[in-house]
Amino acid sequence: MSQVDVSIVVATYDRPLLLAQTLSSVIGQQNNLELSREIVVIDNHPSENGRDVVEDLATRSAIPLRYVPDPVRNMSALRNRGFAESQGAWVAFIDDDEVADH
């Protein structure tokens, strides 16, 4: 049985400022159902320029936040990697240029 109810996967590529906004919006969401959650960031940029954003937010987030570099330049491969890295019973995706509703 999974300890995590929902894994939220964010695929990112070379948009660290937008990634920070996306992650902040996900972290700030209400959790009325009191589900256990994790956030998994799959970074597709060779420089891994999303790592600092994730590591900084992870120190302040009540939701576990993981960073996974993946050099394969293919959105389907990234989503599959997101599924593979997820520990949740359910998996949700949000792109790095989106903001989650609260």
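Its first residue numbered 423, the sequence shown is counted upward by one per residue in the working numbering.
All C-beta atoms in this analysis are idealised placements derived from N, C-alpha and C, irrespective of residue type, glycine included.
**Request:** Pull up the DSSP beta-bridge partners for V463, would you.
**Result:** V432 and Y489
**Request:** State the Cα-Cα distance for the pair D492 and A499, rounded to the nearest angstrom.
**Result:** 9 Å
**Message:** For E460, count the other beta carbons within 10 Å of its own beta carbon; 16 or more makes it buried, fewer makes it exposed. Which is it?
**Reply:** buried
**Item:** Whole-angstrom C-beta distance between Q443 and V521, which should lie under 8 Å
**Value:** 6 Å
**Prompt:** Taking contact to mean at least 3 C-beta pairs separated by less than 8 Å, is the stretch 431 to 441 in contact with the stretch 449 to 459?
**Reply:** no
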